[in-house]
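Q: Quick one: this structure, given as structure tokens, is what I'll be asking you about.
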Amino acid sequence: MSKLRRQISANTANTAETKDLNAIKGKTGNVYESIAIIAKRANQINISLKEELHNKLEEFASHTDSLEEIHENKEQIEISRAYERMPNPSLLATQEFLDDKIYYRKNEDDLFS
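Mapping of the sequence shown onto the working numbering: position 25 corresponds to residue 26, and the numbering continues sequentially without gaps.
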């Protein structure tokens, strides 16, 4: 099992909860900056989960297009259902942000000056 899947199963509930806006704002001093950091991390999590899912489902892929070989594979269905039950990447990213597990930095230098 991948490191990300172990982290998901151990730490995060699958339901959305209200978060303290002041706690989110307190990390960076700006709500919008905090949300941008969370959004970027959620995108990273989503990409890695998609890649992992596609790699697992690729094992079941049939490279022939004959109608006789198309059938339901129970293992494939179970894998798909397991990924559907996983929490939303934005929930994971928000929890990581609040737990100080995301490294971010602010570029203070103006690039265009």
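All residues carry an ideal CB built from backbone N, CA and C; glycine is no exception.
1. Can you give me the C-alpha to C-alpha distance between Lys107 and Phe61, rounded to a whole angstrom?
2. With DSSP run on the structure shown, which of helix, strand or coil describes Arg106?
3. With burial defined as no fewer than 16 other Cβ atoms inside 10 Å of the residue's Cβ, what is the status of Ser81: buried or exposed?
4. Report the three-state DSSP secondary structure of Met2 (helix, strand or coil).
5. Report the three-state DSSP secondary structure of Phe98 (helix, strand or coil).
6. Applying the criterion that 16 or more other CB atoms from any shown protein chain within 10 Å of the CB defines a buried residue, is Leu22 buried or exposed?
7. Measure the alpha-carbon distance for Lys28 versus Pro88 and round it to whole angstroms.
8. Near Ile39, which residues of its chain fall below 6 Å by C-beta distance, leaving aside the five closest residues on each side in sequence?
A: So, from the listed chains and residues:
1. What you label residue 107 is simply residue 106 of the sequence shown in a count that begins at 1. What you label residue 61 is simply residue 60 of the sequence shown in a count that begins at 1. The straight-line gap from Cα to Cα measures roughly 44 Å.
2. For the purposes of this step, residue 106 is taken as the residue at position 105 of the sequence shown. If DSSP states are grouped into helix, strand and coil, Arg106 belongs with coil.
3. If you number the sequence shown from 1, residue 81 lands on position 80. Counting C-beta atoms within 10 angstroms of its own C-beta, Ser81 has fewer than 16 neighbours from the protein chains shown and is therefore classed as exposed.
4. Numbered from its first residue, the sequence shown carries residue 2 at position 1. With a pLDDT of 48 at Met2, under the threshold of 50, the modelled position of this residue cannot be trusted; read the value that follows with caution. In this structure, Met2 counts as coil in the three-state DSSP scheme.
5. Looking up residue 98 in the sequence shown gives position 97. If DSSP states are grouped into helix, strand and coil, Phe98 belongs with the helices.
6. The sequence position of residue 22 within the sequence shown is 21, counting from 1. Leu22 comes out exposed.
7. By one-based count along the sequence shown, residue 28 stands at place 27. By one-based count along the sequence shown, residue 88 stands at place 87. In this structure, the alpha-carbon of Lys28 lies about 23 Å from that of Pro88.
8. For this step, residue 39 is matched to residue 38 along the sequence shown. These residues qualify, in order along the chain: Ala94, Thr95 and Phe98.
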